[in-house]
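Counted from 1, the sequence shown has number 259 at position 259 by the numbering used here; the numbering is strictly sequential. Idealized CB from N, CA, C, for every residue including glycine. What follows is a set of notes on a single structure, which appears directly below.
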Amino acid sequence: MELLKIHGAGDVRLDAYQRPAAGPKDVVVKMKSVGICGSDLSYIKMGGIPPGVETALGHEGAGEVMEVGAEVEGISVGSPVIVNPMMTPSNIGSGGPEGAFTQELLVREARLGDSILPIPEGISYDVAAMCEPLAVAMHGVNRAEVKPGDKVVVFGCGPIGLGMLLWLIDRGITDVVALDLSEERLERARALGVQAALDPTKVDLRAELAKLHGEVPSYGRVGVGTDAYIDAAGAPNILTDVIMMAKFHARMVITAAYMKPLEFPVGRMLTSEMTITTAVGYPTEMPEVIAAMPRLKDKIAAMISHKLPFRDVMKGLEIAATPSSAKVMIEMED
């Protein structure tokens, strides 16, 4: 077996791996599909979690149960499952000893409905492995507290941003504007049914949003009519741009990871009383994502831009770092 590990800043390798023996409370999952996450690329740049510590990668995984500890309840050998890494004691793929980019994944202290979730009948392993990023996206949408009739802007149409667009439209929110620099990603956003998909470097964004969402007076100035902004891009200008055009009581959710401090015009916020909050992970969303998979499986599958075998995972990491890719899925070989 092999395991994808970080050995230092920019140094990631497929290492020979011997899986630890499963204990009475553990299960072993034969991995079938594992997605490459933007955070995987960030961890590689950092040189591990924390920096300088060898780190196993992979946290977007689905597979088949191949071994079940004697004390584990409700989980059977042969069952197709999704692994919820946030509910594992070792935080799989994000700092613990286990990572999903391996043939056999040890899930410690496994619990059905918690760290191990059944895959609905008729759902492929590739679609099932999309559960984790889709749950991140759903949590960001939940934090925005949007409802039908609201006008929403999503910055970034990578896998998380596309997931947000999927949930917004699925919830009946029709006035959704998608923003990205990549025409390929914008085309994926259009395919989901957004109101508009724009490259903010090629248009006057405020003017475009004023046309699409209208304008609203606010303490002697005029804001665009957008109710909620979601930042899944992480460009340093986004926060200031939003503050300068936000209407009274607009909301903003930041899901992108900013590695450096930002300066922004707090004084301008006084006249809009806007709310800025953040979203990370998916404390409760995975079961809802899984329940939606049977009716959304075709749209979810369309969000996967590349599929590569495990032996080409290094090439997959390179592709995932390009601005035109969506989700890069690694299909584990038997």
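**Request:** Please check the pair H139 and Y282, which I expect to be a contact at CB under 8 Å, by giving their CB distance rounded to whole angstroms.
**Result:** What you label residue 139 is simply residue 139 of the sequence shown in a count that begins at 1. What you label residue 282 is simply residue 282 of the sequence shown in a count that begins at 1. Yes, H139 and Y282 are in contact; Cβ-Cβ is about 5 Å, under 8 Å.
**Prompt:** Under the DSSP definition of a beta bridge, which residues are partnered with A56?
**Reply:** Here the question's residue 56 lines up with position 56 in the sequence shown. Note: A56 sits in a beta bridge opposite K5.
**Asked** Where do the N-terminal and C-terminal ends of the alpha helix (DSSP H) with H139 fall, by residue?
**Response** Sequence index remark: in the sequence shown, residue 139 carries index 139 (1-based). From DSSP, the alpha helix (DSSP H) with H139 extends over 131-144.
**Asked** What first and last residue would you give for the beta strand (DSSP E) that runs through T278?
**Response** The sequence position of residue 278 within the sequence shown is 278, counting from 1. Unbroken beta strand (DSSP E) run through T278: 275-278.
**Request:** Would you check if there are 3 or more beta carbon pairs closer than 8 Å linking the stretch 246-259 to the stretch 215-231?
**Result:** Output reads yes: the stretch 215-231 touches the stretch 246-259.
**Asked** Hey, how far is the Cα of C37 from the Cα of R185?
**Response** Within the sequence shown, residue 37 is the residue found at index 37, counting from 1. Within the sequence shown, residue 185 is the residue found at index 185, counting from 1. So the two alpha carbons sit approximately 16 Å from each other.
**Message:** Could you compute how far the alpha carbon of H306 sits from the alpha carbon of I82?
**Reply:** In the sequence shown, residue 306 corresponds to position 306, counting from 1. In the sequence shown, residue 82 corresponds to position 82, counting from 1. Put simply, the backbone Cα of H306 is about 20 Å away from that of I82.
**Request:** Give the range of the alpha helix (DSSP H) segment to which P200 is assigned.
**Result:** Stepping through the sequence shown from its first residue, residue 200 is reached at position 200. Element bounds for P200: n/a, residue is neither H nor E.
**Request:** Following the continuous alpha helix (DSSP H) through P20, name the residue where it begins and the one where it ends.
**Result:** Sequence index remark: in the sequence shown, residue 20 carries index 20 (1-based). Unbroken run through P20: none, as it is neither H nor E.
**Prompt:** Under three-state DSSP, which class holds A189?
**Reply:** Along the sequence shown, read from residue 1 onward, the residue named residue 189 stands at position 189. Here A189 sits in helix by DSSP.
**Asked** Going by beta carbon distance, what residues of the same chain come within less than 6 Å of G96, once the five residues before and after it are set aside?
**Response** The residue given as residue 96 occupies position 96 in the sequence shown. Non-local C-beta neighbours of G96 in its own chain, meaning closer than 6 Å and more than five positions away in sequence, comprise S90, ordered along the chain.
**Item:** Local conformation of Y258 per DSSP, three classes
**Value:** Working through the sequence shown from its first residue, we reach residue 258 at position 258. DSSP places Y258 in coil when its eight states are reduced to three.
**Request:** Evaluate the contact criterion for the stretch 140-147 versus the stretch 201-216: three or more CB pairs, one atom per stretch, below 8 Å.
**Result:** no
**Asked** What are the boundary residues of the alpha helix (DSSP H) that R402 is part of?
**Response** What is shown of the chain runs 1 to 334, which leaves residue 402 out entirely.
**DSSP beta-bridge partners of H306** = Counting from one through the sequence shown, the residue named residue 306 turns up at place 306. In DSSP, H306 forms a bridge with V328.
**Message:** What would DSSP say about I116, mapped onto helix, strand or coil?
**Reply:** Taking the first residue of the sequence shown as position 1, residue 116 is located at position 116. In this structure, I116 counts as strand in the three-state DSSP scheme.
**Request:** Return the first residue and the last residue of the alpha helix (DSSP H) that Y125 is part of.
**Result:** Locating residue 125 in the sequence shown gives position 125, counting from the first residue. 125-128 is the extent of the alpha helix (DSSP H) around Y125.
**Prompt:** When the distance is taken between beta carbons, is M293 closer than 9 Å to I123?
**Reply:** In the sequence shown, the residue the question calls residue 123 occupies position 123. In the sequence shown, the residue the question calls residue 293 occupies position 293. Their beta carbons are under 9 Å apart, which means I123 touches M293 by this criterion.
**Item:** Opposing strand residues paired with S218 [DSSP bridges]
**Value:** Numbered from its first residue, the sequence shown carries residue 218 at position 218. The secondary-structure analysis by DSSP pairs S218 across a beta bridge with R221.
**Prompt:** Whose C-beta lies closer than 6 Å to the C-beta of L14 among residues of the same chain, with five residues either side of it excluded?
**Reply:** Translated into positions along the sequence shown, residue 14 becomes position 14. Within the same chain, and ignoring the five residues on either side of L14 in sequence, the residues whose Cβ sits closer than 6 Å to its Cβ are E2, L4.
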